[in-house]
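Enquirer:
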Amino acid sequence: EPIKVAGLTTSALEDKIEQLYVDGAIYKNVSVNVTMTAKVYYLQGEVNSPGQFQLASGTTLLQAIAGARGYTPFANRKKVTITRQGKIYQYNMKELEKDPSKDVKIKAGDVIKVWQSAF
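Quick note on this note's numbering: the sequence shown kicks off at 175 and runs consecutively.
Dropping the structure here:
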């Protein structure tokens, strides 16, 4: 039977799992350690606040750049890349800004780079 974990702290989840093992007569003494890994993405290049960011469910590329306080004056909005699991995807942000339905969802571990304009 699945264990409902939504809204539980890691320590509450540990207690719940330990109790299920004891109640189910699987073990008399049990110790469970639950760790949670944060889902993050990285933004680098020509944004005002580059760095590591917590990934909220449904975060898009436009939102990620806004979360980094937008572009620097040197940003090339026609060349923004996402490196995801060894593959590089390139986006023209001017097109995404005109048509937000083409916006892309960010995934954990993504590395977003806003390239510099070639003046």
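All C-beta atoms, glycine included, are put in the ideal place defined by N, C-alpha and C.
1. Pull up the distance between the alpha-carbon of Lys-281 and that of Ile-239, whole angstroms please.
2. Tell me whether Gly-219 is buried or exposed, calling it buried when 16 or more other Cβ atoms sit within 10 Å of its Cβ.
3. Could you check how far apart the C-beta atoms of Lys-253 and Gln-264 are, in whole angstroms? I think they sit under 8 Å.
4. Count the CB pairs spanning the stretch 181-192 and the stretch 221-229 that are closer than 8 Å, and state whether there are at least three.
5. If you compare alpha carbons, which of Lys-202, Leu-229 and Asn-250 is closest to Thr-211?
6. Looking at the strands, I want to know which residues DSSP matches up with Gly-219.
7. In terms of alpha-carbon separation, which member of Ser-231, Arg-258 and Lys-268 lies closest to Ala-249?
8. Answer with buried or exposed for Ala-242, where buried requires no fewer than 16 other C-beta atoms within 10 angstroms of its C-beta.
9. With a Cβ-Cβ cutoff of 9 Å, do Ile-286 and Thr-255 count as a contact?
10. Please tell me whether Arg-258 and Asp-284 are closer than 9 Å, where the distance is taken between their beta carbons.
11. Check Glu-249 in the structure and name its three-state DSSP category.
Expert: Taking the definition as stated:
1. 14 Å
2. buried
3. 7 Å
4. no
5. Leu-229
6. Val-288
7. Lys-268
8. buried
9. yes
10. yes
11. The question names Glu, but residue 249 in the sequence shown is Ala. Three-state DSSP puts Ala-249 in a strand.
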